[in-house]
Amino acid sequence: MKLSQTLPGLKLKNPVMPASGCFSFGKEYAQFYDLNRLGAIVMKAATKDSRFGNKTPRVAETSSGMLNAIGLQNPGVDNIINEELPFLDTFSTPKIANIAGSTTEEYEEVTEKLSSHVDAVELNISCPNVKEGGIQFGTDPALASEVVRAVKRKSKVPVYVKLSPNVSDIKGMAVACEEAGADGLSMINTLTGMQILKEKRKPLLANNTGGLSGPAIKPIAIRMIYEVYPHVSIPIIGMGGIETAEDVLEFLLAGASATAVGTANFHQPLIMPEIIDALPGILEKYGLSSVHEAIGGAHDENIASSLYSS
Amino acid sequence: MNLRNMKVAGNRKIAADTYELKLYTGPDFKTSPGQFVHVLVDPPHYLRRPLSVASISRDELTLVYKTFGEGTKTLAGKKIGEEINILGPLGNGFTFPEEKRVMLIGGGVGVPPLLELASDLHEMGKSIHAVLGFKSEQDVFYEEELKGFAEVTVVTEDGSYGKKGLVTEWLDDSADIFYACGPNPMLRALLTELEIPGFISMEERMGCAIGACFACTIETTDGGYVNVCKDGPVFPKDKVVLP
Numbered sequence: 008m009k010l011s012q013t014l015p016g017l018k019l020k021n022p023v024m025p026a027s028g029c030f031s032f033g034k035e036y037a038q039f040y041d042l043n044r045l046g047a048i049v050m051k052a053a054t055k056d057s058r059f060g061n062k063t064p065r066v067a068e069t070s071s072g073m074l075n076a077i078g079l080q081n082p083g084v085d086n087i088i089n090e091e092l093p094f095l096d097t098f099s100t101p102k103i104a105n106i107a108g109s110t111t112e113e114y115e116e117v118t119e120k121l122s123s124h125v126d127a128v129e130l131n132i133s134c135p136n137v138k139e140g141g142i143q144f145g146t147d148p149a150l151a152s153e154v155v156r157a158v159k160r161k162s163k164v165p166v167y168v169k170l171s172p173n174v175s176d177i178k179g180m181a182v183a184c185e186e187a188g189a190d191g192l193s194m195i196n197t198l199t200g201m202q203i204l205k206e207k208r209k210p211l212l213a214n215n216t217g218g219l220s221g222p223a224i225k226p227i228a229i230r231m232i233y234e235v236y237p238h239v240s241i242p243i244i245g246m247g248g249i250e251t252a253e254d255v256l257e258f259l260l261a262g263a264s265a266t267a268v269g270t271a272n273f274h275q276p277l278i279m280p281e282i283i284d285a286l287p288g289i290l291e292k293y294g295l296s297s298v299h300e301a302i303g304g305a306h307d308e309n310i311a312s313s314l315y316s317s
Numbered sequence: 089m090n091l092r093n094m095k096v097a098g099n100r101k102i103a104a105d106t107y108e109l110k111l112y113t114g115p116d117f118k119t120s121p122g123q124f125v126h127v128l129v130d131p132p133h134y135l136r137r138p139l140s141v142a143s144i145s146r147d148e149l150t151l152v153y154k155t156f157g158e159g160t161k162t163l164a165g166k167k168i169g170e171e172i173n174i175l176g177p178l179g180n181g182f183t184f185p186e187e188k189r190v191m192l193i194g195g196g197v198g199v200p201p202l203l204e205l206a207s208d209l210h211e212m213g214k215s216i217h218a219v220l221g222f223k224s225e226q227d228v229f230y231e232e233e234l235k236g237f238a239e240v241t242v243v244t245e246d247g248s249y250g251k252k253g254l255v256t257e258w259l260d261d262s263a264d265i266f267y268a269c270g271p272n273p274m275l276r277a278l279l280t281e282l283e284i285p286g287f288i289s290m291e292e293r294m295g296c297a298i299g300a301c302f303a304c305t306i307e308t309t310d311g312g313y314v315n316v317c318k319d320g321p322v323f324p325k326d327k328v329v330l331p
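Chains A and B, in that order, give the protein sequences.
Numbering-wise, this note's numbering puts 87 at position 80 of the first sequence, and it's gapless, one number per residue.
Numbering-wise, this note's numbering puts 199 at position 111 of the second sequence, and it's gapless, one number per residue.
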């Protein structure tokens, strides 16, 4: 069973990687399994300077999911390069750096510093939890276009753009990013949500709102990927509530070329190696002979889109 | 890193909305006082629940939890012989003292980690005074268990059992060091009240509980930050800014 594939900048031995922000910089999960087993490693968002993030409570459980408002906490791009990357360099797994910022200049600066150390960058224009954290770029196609063009000029590696589901026209955003030069898309980031603490008659999270993730959002992710796939010719890394190899296959069929696992890591720390182990059997069960064969399989064969393949 | 299914050996109510869960650990499960485990609850509840270790014997782990919400209520329904997935032990526990006279201060569901600590301190020959605060008589638990190792003062807010008031009104002036676990307002009051050295055990909502998600991050007094799960949950009293 062929699980491997090549996407821009990434030689993936399988289509499973962590979602940014759920895996820090890898050390914690390396206590559970060899990170070389993963298709790729996606790092926590990097900003120019270190950020503390929001006050606690930062997380709340919801039915089949969770809300989080961490607030892009990270040690800053220089510390990431000096303190975190040396550990990840001990693995042969491709590395993707997630890049956040509050201005186009910050995105450019972080990209310039970080991109030469990794195999691809993921442009985070969709964090819902900070006032000036990029979501404005992720909800306006013209601004998205501008930041993608700027980052493409600075980046030494392919650029994937992580899209926000908090928009009315996801297809328009995806097309704008592709036209601006994006090499791939990641979708979806979390959906903005809120939980009220009844005893206090106030929002539970210190940030009031948070990003909803987990199995609760999977149908939305599947729908958005299915909607975008026929209109772009760049690969999609799909994410949103993945817990099993069956879920991975569903994302592939919707049009994703690879997948990322986020919240499920908290539920079950060994989830990614378990999914990778189960995937060949699941592909076989549904009559498929490779990951590549599954991509976009839920669409009509005669759609205009040229399937990304290499 | 330890991730395993443990069989329920007992699950009983010990006070209002408060349950004591005993689990067979299987071989080679070691923990020190103040550490916690991350407990998987039934769907649709998605996040694990961080619970402090109340005591550990050769192959039996005791946890205490309050059924504040629906997730912990599913735990209360667990019968003997059923399995529960446990991640841990996690975090850093209490540092043992040089000092002779030790005061343990627990507030409500903050009492459990002090039991295993008291047992170890008792074995070390320390003189121990435990001051335990609860809302009301129906909430009181572990008084008898702690009496095996310590002098115990129980304080209830409404005076329905033991002394009346808050733990801060019944502290032991003769102690050389303190160890406290309880709600943040209690910890805050203790830090103002007590000049002796001490350690506090923090509670915070957690995601991964291994330091990867930054859900339980709090500020330190020197302007940095720590994750309660990985750097704590026990901290020296001056280390962190209480949220």
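No residue lacks a Cβ here, since even glycine has one placed at the ideal position from N, Cα and C.
For T119 (chain B), which residues in chain A fall below 8 Å Cβ to Cβ?
Those do not exist, as T119 (chain B) stays about 16 Å from chain A at its closest Cβ, beyond 8 Å.
Identified DSSP bridge partners for Y249 (chain B):
Y249 (chain B) pairs with nothing; no bridge assigned.
Would you list, in chain order, the members of the region 110-128 of chain A that have their beta-carbon closer than 8 Å to a beta-carbon of chain B?
Flagged: no residues at all.
Helix, strand or coil, according to DSSP, for A97 (chain B) in the structure here?
strand
In angstroms with no decimal places, state the Cα-to-Cα distance between K169 (chain A) and L130 (chain A).
6 Å
Please confirm if T35 (chain A) has its CB atom under 7 Å from at least one CB of chain B.
The question names Thr, yet the displayed sequence has Glu at residue 35 (chain A). Answer yes: the Cβ-Cβ gap between E35 (chain A) and chain B drops below 7 Å somewhere.
So who's on the other strand from L192 (chain B), going by DSSP bridges?
BP columns for L192 (chain B) point to B:A218 and B:Y267.
Any heavy atom of the ligand GTP within a distance shorter than 6 Å of the CB on L91 (chain B)?
As far as ligands go, the structure on display features none, and thus does not contain the ligand GTP.
Contact list for F302 (chain B) against chain A, beta-carbon separation under 7 Å
G60, I77 and Q80
Cut-off 7 Å between Cβ atoms - residues of its own chain near Y315 (chain A), not counting five sequence neighbours on either side
In this prediction, Y315 (chain A) scores a pLDDT of 46, lower than 50, which makes its location untrustworthy; the coordinate-derived value is nonetheless stated afterwards. Cβ neighbours of Y315 (chain A) beyond the five flanking positions: S240, I241, P242 and S264.
Run through the DSSP bridge pairs and tell me what M246 (chain A) is partnered with.
Looking at the DSSP assignment, M246 (chain A) forms a beta bridge with A:A267.
Name, going along the chain, the residues of the region 278-309 of chain B whose beta-carbon falls closer than 9 Å to a beta-carbon of chain A.
E292, R293, M294, G295, C296, A297, I298, G299, A300, C301, F302, A303, C304, T305, I306 and E307
Below 8 Å on the Cβ atoms is my guess for P226 (chain A) versus M180 (chain A); work out the distance and round it to an integer in Å.
With a Cβ gap of about 19 Å, P226 (chain A) and M180 (chain A) do not count as contacting.
State the DSSP-derived secondary structure class of I302 (chain A), mapped to helix, strand or coil.
coil
Give, in chain order, every unbroken run of the alpha helix (DSSP H) that is at least 4 residues long and sits entirely within the region 55-116 of chain A.
At a cut-off of 4 residues, the continuous stretches assigned as alpha helix (DSSP H) that sit fully inside the region 55-116 of chain A are 92-95.
Who pairs with S193 (chain A) in a beta bridge, going by DSSP?
Paired residues: A:K169 and A:I244.
Quick one: which residues of the region 308-326 of chain B get their C-beta closer than 7 Å to a C-beta of chain A? List them in chain order.
Y313
Close Cβ partners of K161 (chain A) (< 6 Å) along its chain, the five nearest in sequence each way excluded
E115, T118 and E119
Range covered by the beta strand (DSSP E) that runs through R137 (chain B)
R137 to I144
Hey, is the region 282-294 of chain B in contact with the region 315-325 of chain B, meaning 3+ C-beta pairs nearer than 8 Å?
yes
How long is the line joining the alpha carbons of A311 (chain A) and I306 (chain B), rounded to whole angstroms?
Bear in mind that the predicted position of A311 (chain A) carries a pLDDT of just 45, short of 50, making it too unreliable to give a figure here.
Using the beta-carbon count (16 or more within 10 Å), is F94 (chain A) buried or exposed?
exposed
Roughly how many whole angstroms lie between the Cα atoms of P22 (chain A) and T155 (chain B)?
40 Å
Bridge partners - N173 (chain B), DSSP secondary structure assignment
B:N93
Cutoff 7 Å: S70 (chain A) Cβ touching any chain B Cβ
yes
Does the region 265-272 of chain B touch the region 182-202 of chain B, meaning 3 or more C-beta pairs lie closer than 8 Å?
Contact between the region 182-202 of chain B and the region 265-272 of chain B is established, with three or more Cβ pairs separated by less than 8 Å.
If I measure Cβ to Cβ from T119 (chain B) and keep anything under 7 Å in the same chain, skipping five residues before and after, which residues do I get?
V141, I144 and P177
Using a Cβ-Cβ cut-off of 7 Å, state whether Y153 (chain B) counts as contacting chain A.
no
Mind checking if P280 (chain A) is an interface residue toward chain B, Cβ cutoff 7 Å exclusive?
It does not; no Cβ of chain B falls within 7 Å.
List the residues of chain A that G159 (chain B) touches, going by C-beta distances under 9 Å, in chain order.
Those within 9 Å of G159 (chain B) in chain A are E68.
Can you list, in chain order, the residues of its chain with a C-beta nearer than 8 Å to that of K55 (chain A)? Leave out the 5 residues immediately preceding and following it.
So the qualifying residues of the chain are G83, V84, G108, E113, E116 and V117.
Using 7 Å as the limit for Cβ to Cβ distance, is S31 (chain A) near chain B?
True, the Cβ-Cβ gap to chain B drops below 7 Å.
Quick one: list the residues of chain A neighbouring H133 (chain B), beta-carbon separation under 7 Å, in chain order.
E68
Members of the region 251-273 of chain A near chain B, C-beta cut-off 8 Å
T270, N272 and F273
If I'm right that L139 (chain B) touches L151 (chain B) with Cβ under 8 Å, what's the distance once you round it to whole angstroms?
4 Å
Using the C-alpha atoms, what's the distance from R137 (chain B) back to N99 (chain B)?
The alpha-carbon atoms of N99 (chain B) and R137 (chain B) are separated by roughly 16 Å.
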